[in-house]
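One structure below.
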Amino acid sequence: MILIKVLLLTSFFLLNPVFTVAQNSEPTFGERKNLGLVKNDDITEASGLATSVKNKGVLWTHNDSGDESRIFALDTNGNNLGEFFIAGIENRDWEDIALGSGPDDSKSYVYIGDIGDNDAQHTFKYIYRIEEPTVNIGQEPVVQTISDVSKITFYYNDGERDAETLMIDAPTKDIYIVSKRDSKVRLYKLSYPQSSTNNIEAELAAKFTLPNDPEEDKPFNYITSGDIFFDGTEILLKSYRNIYYWYRENGKSISEVLSSVDPQIVPFNNSIDETQSEAVCWKPFGDRGYYTLSEESVNYNGINLNFPATLYYYPRTSSITSVKSFGLKENFKLE
34 MILIKVLLLT SFFLLNPVFT VAQNSEPTFG ERKNLGLVKN DDITEASGLA TSVKNKGVLW
94 THNDSGDESR IFALDTNGNN LGEFFIAGIE NRDWEDIALG SGPDDSKSYV YIGDIGDNDA
154 QHTFKYIYRI EEPTVNIGQE PVVQTISDVS KITFYYNDGE RDAETLMIDA PTKDIYIVSK
214 RDSKVRLYKL SYPQSSTNNI EAELAAKFTL PNDPEEDKPF NYITSGDIFF DGTEILLKSY
274 RNIYYWYREN GKSISEVLSS VDPQIVPFNN SIDETQSEAV CWKPFGDRGY YTLSEESVNY
334 NGINLNFPAT LYYYPRTSSI TSVKSFGLKE NFKLE
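The C-terminal residue of the sequence shown carries number 368 in my numbering, and the numbering is unbroken.
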């Protein structure tokens, strides 16, 4: 049934690239809920988070640089569902993960962003695309190796830079990268189809500033993660201090929305344990809230502290726009 829903949604986007949904007021979200500790001791520096549509109730994450080339499957209580090693690639500096469509509209894909570059020394950055594995809630943890992987190589035409945010726009299949260390946040676009054989020049799609972010307080502008809701209508970007929300309407592109619309700052409990949190993603079913995932090791005012990695959830407390507004079949529901 989930696959049928994905196919219906993907087919609609291909035939109807213009959005028609209207939103009457800003959404509201509640305070964070502690969903549980991450029950996998190998997840020590989570640096990305993505929610599956294919595997309902499954989240994907990975560690930052220095770990093996693997991704982890969790349920929404932090239980370990498995580790998936990806053959033939390295984790130079993996910073974000996203799920979306790709070359085959009947499949769901995992995109892994090897896009970190703290010292701005690497010309080429990489995005690895694999078919999303099948995972079942309640299964015993598995260990698998994936050998079928596509490598998307890209570069910036305005110099090397650091980034920690990778997003997929499902309606267009375009990939977006958000810079981390620029006084004005930079949005780069890799238009679909992305070549896995030739080097791609990332298009500088927009520059924008964020509210309450004076340039002298750079951590505010350090965007560490982001996600586009799988119907394309809502966008989240996360810094170390805030989570920013945009609503997309009237056929606007991602770059138009981020550069011309003031974001809404939505709840984020910036407590010590999430000082270095680098992961946020939407929940595609039910109330359409969002998840965050903390790191175990935290540097707080120059002091290294250790907290158990914890999964959090921020529920939506306002009503949501029905996906039926997109013209999908009446029996298509997010539940």
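Heads up, the beta-carbon is just placed ideally off N, CA and C, and yes, glycines get one too.
These numbers come from a predicted model, not from an experiment.
Item                                                                                                                   : Value
Endpoints, alpha helix (DSSP H) assigned at LEU291                                                                     : 287–293
PRO60 versus GLY121: straight-line alpha-carbon distance, rounded                                                      : 43 Å
Opening and closing residue of the beta strand (DSSP E) in which ALA196 lies                                           : 196–202
Spatial distance of SER352 from PHE318 (CA atoms)                                                                      : 13 Å
Beta carbon of GLY149 nearer than 8 Å to that of ALA312                                                                : no
Backbone secondary structure at ILE370 - three-state DSSP                                                              : Residue 370 cannot be examined here, being either before or after the span of the chain that is shown, 34 to 368.
Delimiting residues of the beta strand (DSSP E) encompassing HIS155                                                    : Note, HIS155: premise wrong, no beta strand (DSSP E); not H, not E.
Buried or exposed by the 16-neighbour rule on C-beta atoms within 10 Å, applied to VAL176                              : exposed
Identified DSSP bridge partners for ALA83                                                                              : TRP93
The segment 129–145 touching the segment 194–211, judged by at least three CB pairs closer than 8 Å                    : yes
Under 8 Å between C-beta atoms of ILE119 and VAL182                                                                    : yes
GLY111 vs LEU70 beta-carbon contact at 8 Å                                                                             : yes
Validate contact between the segment 233–241 and the segment 257–276 using beta carbons, cut 8 Å, 3 pairs              : no
Secondary structure of ASN283, DSSP reduced to three states                                                            : coil
DSSP bridge partner residues for ASN67 (one or two, in chain order)                                                    : TYR345
Neighbourhood of PHE62 by C-beta distance below 7 Å, restricted to the same chain and skipping five residues each side : VAL299, PRO300, GLY322, TYR347, PRO348, ARG349 and THR350
Same chain, Cβ closer than 6 Å to GLN297, five either side skipped, listed in chain order                              : GLU59 and TYR278
ASN232 in three-state terms, based on DSSP                                                                             : coil
SER351: first and last residue of the uninterrupted beta strand (DSSP E) it sits in                                    : First-last for SER351: undefined, no H or E at that position.
ASN88, DSSP secondary structure in three states                                                                        : coil
Burial state of PHE157 (16 or more Cβ within 10 Å)                                                                     : exposed
Assigned secondary structure, ASN254 (DSSP; H/G/I helix, E/B strand, else coil)                                        : helix
Residues near SER229 in its chain [Cβ-Cβ closer than 7 Å; skip 5 each side]                                            : SER183, LYS184 and ILE185
Span separating the alpha-carbon of ASP137 from that of ASP75                                                          : 32 Å
Through-space distance from ASN283 to ASN339, alpha-carbon basis                                                       : 45 Å
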